[in-house]
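Here's the structure, in structure tokens; my notes come after.
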Amino acid sequence: MTSKKAMLIDISLCVGCNACQAGCKEENGLPPQEEKYLSLTAYTALDKYNDLYVRRMCQHCDVPTCVSVCPVGALTKSSTGPVSYDGEKCIGCRYCLQACPFHVPKYEWSSTKPSIRKCKFCPSRIASGRQTACAEACPTGATKFGDRDELLAEAARRITAEPGKYVPRIYGEQDVGGTSMLYLSPVPFEQLGFDSRLGKAPMPMLTMSALSKVPNVLSVGGVLLAGVWWITNRRAEVQAYESSLKNGNDPEREDDE
Amino acid sequence: MKTLSVPHVTGWRPIAIILILAGALAAVARFALGLGATTNLSDEFPWGLWIGFDFLGIGLAASGFTIVAAVHLFHAKEYEPIVRPAILTAFIGYLLVVLVLIIDLGRPDHFWHPLVMWNPHSVMCEISWCLMLYTTVLSLEFAPIILEKFNIHSPIKWIHAVSLPFMIFGVLLSTLHQSSFGSLYLIVPNRLHALWYTPLLPVLFFISCIASGLSMVVLESLIFSRNGRPFLPTRLRANLAKAIALALAVYFVVRIQDLLTRGALHDLTTLTYYSVAFYAELLVGFVIPFALLIFEKVRTSQTGLYYASLMVVLGFAFNRMNTAITGLERYPSQTYFPSIIEIFIMLGITAVGFCAFSFIAEYLPVFTAEEAGAGQHRDAAPSVEKKPLFAPPECEDPRPS
């Protein structure tokens, strides 16, 4: 089995040439015009903050929120990194759009048989040992494809090699439980539109705490309700019996006769 | 003589027909053109009015499991007359919610997928299963009503033989998915406003559905007492009102304590879109009805009880819509207002529900079952309360004419 792949995106190296988007569009057969935001036809896009460019795309989380919320398992996480989507399974509930902390999946609203669309992390390229289309297209090395462990070491090296050039943080190393996209930035990530409130715990844990109680509710609740029924039923029986005794006719004697 | 001042809805049949036709047209447009062309939903706002409506419908249908639990599991037999109306409400409510869910799905043709494709980590998967199973349970609980009508008695025996485990199962399923609707939003801490986002969402959804479900029962019993047939004795309805007040109080304490511990109370000190929505929900649905229901006079007065329980239902609707829509409008600072087609589909389906209810109430033994089965309640009822309160002869038939 191949190791876990990732991409290191060094924001300080990006010049905003948009070659990543063009490469992505070519790889996925999307219309080639330049786009500024993620859309059905742009699986990656450049956000501009002053003179810095930030690539947005699916983060391919290690514990993806979209995978955990999808009721039919249309989204799956592969061991090599990609979060894949199967439109044949999808029921169109759009829970993934609602739940994705990065607001990545885009929905074919105008279609009567809609799917979601997002960056696929070039799974066929990865399978054949090649790098992703965007990393291949990047002329400055701002996007680098490789093994996640090696890229993390590389990122740490860059931070220590040039103190002051980067903020000492690799975004995606641990955020929401770790992602396949690792970012290095010269300014605090909050200034670049990164959500600082997401935390390090994988988001699916939030619902797991509720879902893990389901078997308990069913088993304990079932026993409890059956017990309550038995007690109240018994009480009603006893009451009926006692009142029949008071009225002078013993039901058991009646039975004997 | 004191007459009942519960407002009547008369002449609504033509309105209902118009609503149903408009809803049907809207549904045709939605299926022909897709969600994008017919709704105001977007990538930023993927869930809207219909999801709110689902929460609402399911919550109001909570009468089904609360009354079944009270009567058949806790042996509060005196509430027997309300069991069938409660089951009917729940059954119709669930069928409508399932219908709206299917309309809301991007791929309605794939609606059956959760049956065969499971993701045990998904709250949505759990809800789909609970909805399917509980609707099945409800149809079994409802079946005797149809079978009685057509005098087919042998299957009724079979259903009665297995009814206890089914009732227990139904109560558990309801508990699970009523709270799971709250769990749906546990995954969006970064989107849902702090006034509504809390890890206690499932707990709060469960407590509030008990208050709203019982309020629906109270409303129904009041409306169906208008034709002069006392439906539930005043004392019993007052007891239900006590249970509602208790649920409201528990809800209020949990809600405020939760806001305190999460430090979200400061969101309420300034007047914003969100704090106004929050206050409206809490005052209309919880604080004012509670303040009303603690008075014995209100609990035993038809008018007082009518408005108090109506407020609970309205506040409940507020709460669900706030959770599903208002609280999410902060991110990404985009507002959402449903399109005319979304509204028409919702109104049309609501009208279908009302029509179905009044039709079934008219032709099936929903409100008359106790005459055959549990006649003693019929006898007990008039002796408890004062007749004039209940049987104002000048009252018209409340059912739509």
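So the protein sequences, as listed, match chains A and B.
Numbering-wise, the first sequence is residues 0 to 256 according to numbering that gives the first Met the number 0.
Numbering-wise, the second sequence is residues 0 to 400 according to numbering that gives the first Met the number 0.
Using N, Cα and C, we set each Cβ at its ideal position, and we do this for glycine too.
Note that this is a predicted model, so its numbers are computed, not measured.
Complete alpha helix (DSSP H) runs within the stretch 50-74 of chain A (minimum length 4 residues, chain order) | 64-68
What does a CB cutoff of less than 7 Å around B:Arg298 pick up in its chain, not counting 5 residues either side in sequence?
-> Ala237, Ala240, Lys241, Leu292, Leu304
Assign B:Val445 to one of three DSSP states: helix, strand, or coil.
-> Since the first and last residues shown for chain B are 0 and 400, residue 445 of chain B lies out of range.
How about A:Ile10 and A:Ser184: do their beta carbons lie closer than 7 Å?
-> yes
On the three-pair Cβ rule with 8 Å, is the stretch 45-64 of chain A touching the stretch 133-152 of chain B?
-> no
Is the CB-CB distance between B:Ile167 and A:Gly226 below 7 Å?
-> no
Anticipated Cβ contact below 8 Å, B:Val136 with B:Leu172, distance rounded | 7 Å
Enumerate, from N- to C-terminal direction, the unbroken alpha helix (DSSP H) stretches of 4 or more residues contained entirely within the stretch 81-167 of chain B.
-> 112-115, 122-148, 153-160
Separation of B:Phe356 from B:Ala276, as counted between CA atoms | 31 Å
Mapping DSSP to helix, strand and coil, what is B:Tyr407?
-> This structure cannot settle anything about residue 407 of chain B, because the visible part of chain B is limited to 0 through 400.
Quick one: what does DSSP say B:Leu363 is sitting in, helix, strand or coil?
-> coil
How far does the beta strand (DSSP E) with A:Asp85 in it reach, from first residue to last?
-> Premise fails: A:Asp85 is in no beta strand (DSSP E) and is neither H nor E.
Count the CB pairs spanning the stretch 122-132 of chain B and the stretch 94-113 of chain B that are closer than 8 Å, and state whether there are at least three.
-> yes
Report all residues from its chain with a CB closer than 6 Å to the CB of B:His109; omit the five preceding and five following residues, and keep chain order.
-> none
Just checking, does the stretch 195-205 of chain B make contact with the stretch 304-317 of chain B on the three C-beta pairs under 8 Å criterion?
-> no
Identify, in the order they occur along the chain, each residue of the same chain with its Cβ nearer than 7 Å to the Cβ of B:Val70, setting aside the five sequence neighbours on each side.
-> Lys76, Tyr78, Glu79, Val82
Compare the C-alpha of A:Asn232 against each of B:Phe73, B:Glu341, B:Trp195 and name the closest.
-> B:Phe73
By how many angstroms is the C-alpha of A:Ala44 removed from the C-alpha of A:Glu135?
-> 16 Å
My guess is that A:Thr64 and B:Val122 are in contact by the Cβ rule of under 8 Å, so how many angstroms apart are they, rounded?
-> Not a contact, Cβ separation roughly 12 Å.
Could you please tell me which residues of the stretch 107-119 of chain A, in chain order, have their CB closer than 7 Å to any CB of chain B?
-> Trp108, Ser109, Ser110, Thr111, Lys112, Pro113
At which residues does the beta strand (DSSP E) containing A:Phe144 begin and terminate?
-> 142-146
Could you name the residues of chain B that A:Asp194 contacts, counting a contact when the two beta carbons are closer than 9 Å?
-> Asn189
Using a threshold of 7 Å, state whether the C-beta atoms of A:Cys89 and B:Asn118 are closer than that.
-> no
Own chain residues within Cβ distance below 7 Å of A:Pro66, not counting five before or after | Reading off the sequence shown, one finds Val at residue 66 of chain A, where the question assumed Pro. Only Leu74, Thr75, Lys76, Val82 meet the Cβ criterion.
Between A:Val175 and A:Leu197, is the Cβ-Cβ spacing less than 7 Å?
-> yes
Relative to the alpha-carbon of A:Asp85, which residue among A:Ala200, A:Ile115, A:Ser109 has its alpha-carbon at the smallest distance?
-> A:Ile115
Kindly indicate if chain A contains any beta-carbon less than 7 Å away from that of B:Cys129.
-> no
Is the beta carbon of A:Leu223 sitting closer than 7 Å to the one on A:Leu181?
-> no
Quick one: which chain A residues come within Cβ less than 8 Å of B:Ala242?
-> Going along chain A, no residue has its Cβ under 8 Å from B:Ala242, so there is no contact; the nearest lies around 16 Å.
Below-7 Å beta-carbon distance, A:Met70 vs any chain B residue = Reading off the sequence, residue 70 of chain A comes out as Pro, not Met. Answer yes: the Cβ-Cβ gap between A:Pro70 and chain B drops below 7 Å somewhere.
For A:Gly80, collect the residues of the same chain with a Cβ closer than 8 Å to its Cβ; drop the 5 residues on either side in sequence, then sort them by chain order.
-> Lys3, Lys4, Ala5, His59, Phe120, Ile125, Arg147, Ser179
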